[in-house]
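Number of protein chains: 4
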Amino acid sequence: MTDTTKEPCFDVAHLGHVEILTNKPEESLDFFVDVYGLTESGREGESVYLRAWDDYEFHTLKLTASASTGMGHVGYRTSSPQALERRVKVIEAMGCGIGWVDGDLGHGRAYRFRDPDGHIFELYYDTRDYQPPESEKPALKNIHQRYHGRGVAVRRLDHLNLLATDVSRIRDFMTTALGSRVTEQIQLDNGRLGGCWFTVNNKSYDIAYTEDHTGIPARFHHVTYAVDQREDVLRAADIFLENGVFIETGPHKHAIQGTFFLYVYEPAGNRVEVANAGARLILRPDWPTITWTETERRKGQAWGLKTIESFHTHGTPPGEVAE
Amino acid sequence: MTDTTKEPCFDVAHLGHVEILTNKPEESLDFFVDVYGLTESGREGESVYLRAWDDYEFHTLKLTASASTGMGHVGYRTSSPQALERRVKVIEAMGCGIGWVDGDLGHGRAYRFRDPDGHIFELYYDTRDYQPPESEKPALKNIHQRYHGRGVAVRRLDHLNLLATDVSRIRDFMTTALGSRVTEQIQLDNGRLGGCWFTVNNKSYDIAYTEDHTGIPARFHHVTYAVDQREDVLRAADIFLENGVFIETGPHKHAIQGTFFLYVYEPAGNRVEVANAGARLILRPDWPTITWTETERRKGQAWGLKTIESFHTHGTPPGEVAE
Amino acid sequence: MTDTTKEPCFDVAHLGHVEILTNKPEESLDFFVDVYGLTESGREGESVYLRAWDDYEFHTLKLTASASTGMGHVGYRTSSPQALERRVKVIEAMGCGIGWVDGDLGHGRAYRFRDPDGHIFELYYDTRDYQPPESEKPALKNIHQRYHGRGVAVRRLDHLNLLATDVSRIRDFMTTALGSRVTEQIQLDNGRLGGCWFTVNNKSYDIAYTEDHTGIPARFHHVTYAVDQREDVLRAADIFLENGVFIETGPHKHAIQGTFFLYVYEPAGNRVEVANAGARLILRPDWPTITWTETERRKGQAWGLKTIESFHTHGTPPGEVAE
Amino acid sequence: MTDTTKEPCFDVAHLGHVEILTNKPEESLDFFVDVYGLTESGREGESVYLRAWDDYEFHTLKLTASASTGMGHVGYRTSSPQALERRVKVIEAMGCGIGWVDGDLGHGRAYRFRDPDGHIFELYYDTRDYQPPESEKPALKNIHQRYHGRGVAVRRLDHLNLLATDVSRIRDFMTTALGSRVTEQIQLDNGRLGGCWFTVNNKSYDIAYTEDHTGIPARFHHVTYAVDQREDVLRAADIFLENGVFIETGPHKHAIQGTFFLYVYEPAGNRVEVANAGARLILRPDWPTITWTETERRKGQAWGLKTIESFHTHGTPPGEVAE
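Protein chains in written order, with full-length UniProt numbering: chain P, 1 to 323; chain R, 1 to 323; chain D, 1 to 323; chain U, 1 to 323.
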């Protein structure tokens, strides 16, 4: 059933970081540190570098003050320096490359490129390990920072979701450029792809794309950090409630991917998720893509919650959905 | 800090199945089906084939009636047919190969070999997908069998633990034969390795070895299935209690690997674990091995529980620890 | 602030049992036993007697085959024989008494009466302890039946909710007849009470009434059993999903009373809830009633979920809401 | 089986507050506020007044700087002013009264008395409601303070445990003086009571006494606040670990009362518990005392954890156990 002549690609190791733009930098920073529970590891220019307590890299979220909102760029780390070279060769051949950049506070040189919708990606191998100051050293040395228990206290970067006008083109792009696998997708009645979930490793997805109806390119849907237990998601809901954070929908369980989710907007309007996947992993090397039809999606989320309308329309930067 | 001239190996995809021997086949089967919550998918000869509700393969546990207890063999699935050939070449060169077998009810031809302590391994690529009968079809098509909620209702095979006289030799063997990474290990004061945790993918470990003091070769320590939440482990404790299952230790959190654990003995005496890892994954391609000293281990488990004495002595088949 | 000349009333100890009518007796029984996780303790006439594993009485749910659906009657146990006599005197003076009945399979003689909407209540003191057969004996003797882990495996009867045309009259009735306290209520803009939550003990409520817009008297809204953890409610959602049970709304947290809820319809259409209250109790003897306005209720449930329309209309027996 | 000529007593409503003595006042305060998650509501003299976020009274813990450790006194609130008068009359007749005191920052006049071991109790009715400052106002008005999520963030005072040389005398004292019920007890082989659990309301216990082997009178064993979920107890363990708090034993489930527990020592050495009771309540008015034998207790806690030795010896102020 599966093509076994072509071996799976392991060149890209994992999602590394996401750069989020905010036009309310102080409020956004307060949210990410005091409410969401990230830790600041550095500052440079208009950006603050943030990380969850069990992220091993210097940063996984780069929060950048900007005239608008949305995503600056997304970075993936490769499995080796050689794998980075192989990927760059493929991407250059695809004609979507931008070129090498010197790197950032949190990692070494990186190769930048664009997806068909205009989002900026970068690949890098050389990274900077987080070195906790004395006050952040963990009691057990197999976690990367002390479990501080502040706010939602998310554990690690999990995935992001981007909007794109043509998800089918994205599918071809991601499987070729990063060697990603498509674990699940939505097939609309009109023949278009409504959404697509990709992974480069054993996580069930590290990036998802859903269809954008505004015509505005390169928009951002949400970024997600993982917590260890569903109870942490329920607890997060109370923390958001008490801190006046806008809760869009959840907690509930997604039908697609089975993730236990909770969506909020940080103060500048970017959507942020808290999620738990339980013990679910994609260990199977020849995982066949699971395709959901529009009819199936009409049943709502796993336990029947209707998908909230704004989930199909709200992205950043904001934009009007064409009628 | 890490050697980047050698690329990581992705030839082996995941732990596939474990064969457990029992001299109380009916009691063991009752335990695994009614209490632990596995589902029977087939029978052949002296063996019953069992699986957890979200395992994608036909079986992950082969329960075989035998004169004694312990492990029959352990199987790993490779990432591709080509990867299987590559691994066989390496293993044959190591001189520990046994040879090809035709396969089993649950998978195609497999290559068998021995670890330095005598445990039998097999590698295979061709597998048999589980096809749920009507009564076991799930409500959501991205899980592999209906969540039946019977007994502990474990989700998927997670890892196993074997005993070996010389764990250092095992470390060399596993990293060479399977291309496994050593994520954590125990360095004893006497210079020996007390334990070693290996992974071939993003799980923090799929097999562990700990030192055997009996001199008996090829003994088995435990097999573990994962549940989605720590609450499922606590609930399992009540289910074991009410069903008269011997609880050895737990629930508690391991210092090593941070797993939330619960250990019991199935009726024939083989140790079985229920575990939850939370959101912890080894996504980092150049993960540096974490080494625990004897002094550190004396602090007990994560929250201070002393490691129970039988954890260092009880294995199957049973044996006396030499004084 | 509180009237201290009148002492609180402790005559009624707790909600004892609810009789539910079903026109699909076999399907309803399968639901309550195999899916919801109650245990049958007896049968008589058209009724099956059911109980949760930690209910101390013979039964807490009496399931009666009937031409229609809804509630047969609700029973409360008094604190003592003397308290029963005192209550009967009060109720007779109110003019709503029906009279003594001989009792039932699960308890001794009881005094029956009607609330202003026509629901039938009974008060009793003499009860029948549940005596578990050998197969249902618990491992620990401070619970009343073995934790069997079957289906949702609810722990104990928690509360019920009835519909009434005039909730204000109900408030007067309950506080006088049973000596209940009003812990929370909804004050509508039109001056009417939209809902009222009552308790006779330290639970935050054992019965609630909400306004019925159909004009049909004595309708039933739902019955609720408690589980120990919110995780049990989430797990229940998967069990309902896999068993084809209609999920109306949830899991989510109520703003009123803070209960973590999940509502389903059993096969005959009666609404059934699974709930967890956490550690919340009404220990305060002079608890001031908390009043919610319509404006406040428009914010939806605790984390923003809109209250589902059917929650205001669906009751049993079914009826049309007058426009 | 139960004596129904005597009606149950409802004069005492609930445990109100505990005064803890500390010879390390600053460290103890840091522990209770930053780690345990209480909130300071006032200061007077050598005392700081503390409360959990859903306690309705001004304070539930009075932390008093002292030359030693242990308990200052314990306060219970009565159900009414009349009930207070009735109790005082009974206690005076018992000959163990001390007399009226003017009250405290958190409540009005109180009547003080001694238990047979010398611990000081007080009963009061007039209390002071907690009035949250703007920054502590909750999002939902049915909780008494904002859920701040700081540290362990315990919800409400639950119970305390005292040591006594003669627990049998305590049983007579508590049932007479407060009208408490004995829900569970330990009957030693030597005819003595090893422990006794009492309640004045629907909680399964609000105070417990266990036998003291030191001969030192009026010692303190531990104070306990409740959290909503068992997951909160597990999370507390990580918070204690990261903050260098000594964890004595747990998390595990008690056989007696079924409480999910975790015990630590605050910096001055007083034992403090975090606990969750699930949905368990003593609603039954004629609850028969459950008696555990020494043989039964030897099985350890619910899931087999051996009771730690220090649990039988460590109390405050500290003392030597006579051989």
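Yeah, the Cβ is synthetic: ideal placement off N, Cα and C, and Gly gets one too.
Closest Cβ-Cβ distance between residue i and chain U: below 8 Å?
i                : result
Glu323 (chain P) : With a pLDDT of only 49 at Glu323 (chain P), under 50, the local geometry of the prediction cannot be trusted, and the value read off the model is given with reservation. Not an interface residue.
Arg181 (chain P) : no
Lys24 (chain D)  : no
Any beta-carbon of chain R closer than 8 Å to the one on residue i?
i                     : result
Glu273 (chain U)      : no
residue 325 (chain P) : Look at the range of chain P in this structure, 1 to 323, and you will see that residue 325 (chain P) is not part of it.
Asp238 (chain D)      : yes
So, under 8 Å CB-CB, residue i and residue j are touching, yes? Tell me the CB distance rounded to an integer number of Å.
i                : j                : result
Arg181 (chain D) : Phe198 (chain D) : 7 Å
Leu123 (chain U) : Val223 (chain U) : With a Cβ gap of about 19 Å, Leu123 (chain U) and Val223 (chain U) do not count as contacting.
Tyr225 (chain P) : His144 (chain P) : Between His144 (chain P) and Tyr225 (chain P) the Cβ distance is about 14 Å, and since that is not below 8 Å, they are no contact.
Arg87 (chain R)  : Asp11 (chain R)  : 5 Å
Asn202 (chain U) : Gly258 (chain D) : Contact flag wrong, Cβ pair sits at about 18 Å.
Considering only the beta carbon of each residue, do residue i and residue j sit closer than 8 Å?
i                : j                : result
Val35 (chain D)  : Gly149 (chain D) : no
Asn190 (chain P) : Val227 (chain P) : no
Arg234 (chain P) : Pro251 (chain P) : The sequence as given places Leu at residue 234 (chain P); Arg does not occur at that position. Cβ distance < 8 Å, so Leu234 (chain P) and Pro251 (chain P) count as in contact.
Thr165 (chain D) : Tyr125 (chain D) : no
Leu163 (chain D) : Asp212 (chain D) : yes
Glu19 (chain U)  : Thr64 (chain U)  : yes
Leu283 (chain R) : His59 (chain P)  : no
Leu140 (chain R) : Ala302 (chain P) : yes
Ser66 (chain D)  : Thr22 (chain D)  : yes
Tyr209 (chain D) : Val274 (chain D) : no
Thr249 (chain R) : Ile186 (chain R) : no
In chain R, what lies closer than 7 Å to residue i by C-beta?
i                : result
Leu178 (chain D) : In chain order: nothing, as chain R lies at least about 35 Å away.
Ile247 (chain U) : Trp303, Gly304
Leu234 (chain U) : Arg230
Taking the alpha-carbon of residue i as reference, which of the options has the nearest alpha-carbon?
i                : options                             : result
Asp102 (chain P) : P:Gly95, P:Tyr111, P:Cys96          : P:Tyr111
Phe31 (chain U)  : U:Arg114, U:Glu242, U:Phe58         : U:Glu242
Lys137 (chain D) : D:Trp53, D:Ala164, D:Ala67          : D:Trp53
Pro318 (chain R) : R:Thr295, R:Arg271, R:Asp158        : R:Arg271
Thr39 (chain R)  : R:Gln131, R:Gly97, R:Phe10, R:Lys24 : R:Gln131
Gly244 (chain D) : D:Glu27, D:Gln229, D:Phe10          : D:Glu27
Leu193 (chain P) : P:Arg280, P:Lys299, P:Glu184        : P:Glu184
Phe246 (chain R) : R:Phe260, R:Lys253, R:Ala268        : R:Ala268
At 8 Å on the CB atoms, spell out the chain P contacts of residue i, in chain order.
i                : result
Pro138 (chain U) : Glu242
Could you list which residues in chain U have their beta carbon closer than 8 Å to that of residue i, in chain order?
i                : result
Arg87 (chain D)  : In chain order: nothing, as chain U lies at least about 13 Å away.
Tyr265 (chain P) : Ordered by position in chain U, no residue passes the 8 Å Cβ test against Tyr265 (chain P), which lies about 17 Å from the chain.
So residue i contacts chain D; which residues on that side make the cut at Cβ distance below 8 Å?
i                : result
Glu122 (chain U) : Going along chain D, no residue has its Cβ under 8 Å from Glu122 (chain U), so there is no contact; the nearest lies around 17 Å.
Consider the Cβ of residue i: report whether some Cβ of chain D lies at a distance smaller than 8 Å.
i                : result
Met1 (chain P)   : For Met1 (chain P), the pLDDT reaches just 40, beneath the cut-off of 50, and the residue's location in the model is therefore unreliable, leaving the point undetermined.
Glu231 (chain R) : yes
Arg146 (chain R) : yes
Report the neighbours of residue i on chain U: residues whose CB is nearer than 7 Å to its CB, in chain order.
i                : result
Leu283 (chain D) : Ala13, His14, Asn201
Consider the Cβ of residue i: report whether some Cβ of chain P lies at a distance smaller than 8 Å.
i                : result
Gly304 (chain D) : yes
Arg150 (chain R) : no
Tyr56 (chain R)  : yes
Ile91 (chain R)  : no
Ala279 (chain R) : yes
Glu19 (chain U)  : no
Gly258 (chain R) : yes
Using a beta-carbon distance below 8 Å, is residue i in contact with chain B?
i               : result
Gln82 (chain P) : In summary, chain B is missing from the structure at hand, where the protein chains are P, R, D and U.
Can you pull the chain D neighbours of residue i, defined as C-beta to C-beta under 7 Å?
i               : result
Phe10 (chain U) : Phe10
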